[in-house]
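Below: the structure, in structure tokens.
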Amino acid sequence: MRSFTGRLAVVTGGGAGMGRELVVRLAAEGCSVAACDLDEAGLAVTAERAARATRAASGADVRVTVHRCDVADEAQVTRFRDEVVERHRTGHINLLFNNAGIGGGGSFVTSPRAEWERTFGVCWGGVYHCTRAFMPLLIASDEGCLVNTSSVHGFWAAGPGVPMSAYSAAKFAVKGFSEAMLTDLRINAPHVRVALVMPGHVGTEIVINSRRIHGYSDPEDMTAEELAQARVLAAAAAGVPAERLSDEQVRDAVKSMGEWFRDSAPLSAADAAAVILDGVRAGTWRILVGEDARALDAAMRADPLDLYRPGSPTLAAVFPDLPRREE
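Set out below in structure tokens:
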């Protein structure tokens, strides 16, 4: 699929971040898109940007539609699929970008079970439900591609100084499923292929948006229970004992975590989308996004034990700002 012109793509998580940039870039290249998200305001921004991109695409016949959908809910995904068929007047799609994801549920021991399961439900369940719903439409095309977004945490099940059990478990599932689909599609639908995307740190608002999706208060309005839960994570990230942090320091840490993740990333969402689309065009099935992703991938292959070792020199090199816990 060297060109997206005249194709139809479905993009989940299209209301922000990499999903939005995928929609805009696809539209600019003459590809019609159906995008879904829970954030209707974010989808409206995506639709406007895509419309501007379409107008600049030399008069290409492009239709971009937006749809509210919780990808963790199979009934909503089925409705989304039916809306795509109706609004695009089609019996097939060419590309499915399973991009939607949230964070949360870091600790299996201390995080609320509902938060853990919600994170897993979006990050893995969304891929499963959408692939189930849209696979017949991919197979009905003359050429199709299933593009699943995992993460570096799909081969390294940790975070820099904090646990990431729900997110990592889900992203490992996405990676394993995608690799299994290489053989499945080759045998049963050879005109459809799969691409596995594994980004490193990309500048998006996933940390900020994930708190909102899980129903947490804004940092300045956090309840005593939310402060207690956040204190443990803030202390782990800062490398200091939890009792040393005041409530105000915890609020500041929660706010700064989201802003830091968005603003200090080595790669923008737009640049990440460009890497992903270049990989799909080139026929690459394993798309590492970012220098940190490539470095972690190489390190895991060289010495997987080292990446889980406290004080790992490899992690210190990849994450130079990784906090060092005081003894």
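Residues in the sequence shown are numbered from -13 upward in steps of one, following this note's numbering. A virtual CB, placed ideally from N, CA and C, is assigned to each residue, including glycine. This structure is a prediction, so every number in the text was calculated from the model and none was measured.
Could you check whether the region 160 to 171 touches the region 253 to 265, counting it as contact only if at least three pairs of C-beta atoms, one from each stretch, sit closer than 8 Å?
The region 160 to 171 makes no contact with the region 253 to 265; the number of CB pairs closer than 8 Å stays below 3.
Should D23 be labelled buried (16 or more other beta-carbon atoms within 10 Å of its own) or exposed?
Residue burial is scored here from C-beta neighbours: D23 has at least 16 other C-beta atoms within 10 angstroms and is therefore classed as buried.
Using DSSP's beta-bridge definition, name the partner residues of C23.
The question names Cys, yet the displayed sequence has Asp at residue 23. DSSP lists R54 as partners of D23.
Local conformation of M150 per DSSP, three classes:
M150: coil per DSSP, three-state reduction.
Simplified DSSP assignment, three categories, for G265
Looking at G265 - three-state DSSP - the assignment turns out to be helix.
Using a Cβ-Cβ cut-off of 6 Å (strictly less than) and excluding sequence neighbours within five positions of H78, which residues of its own chain qualify?
Excluding five sequence positions before and after H78, the CB atoms of its chain that fall closer than 6 Å to its own CB belong to L123, A126 and S127, given in chain order.
Which listed residue (C55, A37, L29 and H53) has its alpha carbon closest to that of D47
Ranking C55, A37, L29 and H53 by Cα distance to D47 puts A37 first.
Residues near E67 in its chain [Cβ-Cβ closer than 7 Å; skip 5 each side]:
The residue asked about is misnamed: residue 67 is Arg in this sequence, not Glu. Here R67 has A119 and F120 as same chain residues with Cβ atoms under 7 Å from its own Cβ, once five neighbours each way along the sequence are excluded.
Check this for me: beta carbons of G162 and S254, under 7 Å apart or not?
It is not a contact, given that the beta carbons lie outside the stated cut-off.
In the DSSP assignment, what are the bridge partners of G189?
Per DSSP, S254.
Thinking V183 and N134 are a contact (beta carbons under 8 Å), I'd like their distance in whole angstroms, please.
Rounded, the Cβ-Cβ distance is 7 Å, consistent with contact.
The region 18 to 33 contacting the region 213 to 231, beta-carbon criterion three pairs below 8 Å:
Flag = no, the region 18 to 33 and the region 213 to 231 do not touch.
Using a Cβ-Cβ cut-off of 6 Å (strictly less than) and excluding sequence neighbours within five positions of W102, which residues of its own chain qualify?
So the list reads G91 and A152, once near-sequence residues are dropped.
Complete runs of the beta strand (DSSP E) confined to the region 158 to 220 [at least 3 residues]:
178 to 185, all fully within the region 158 to 220.
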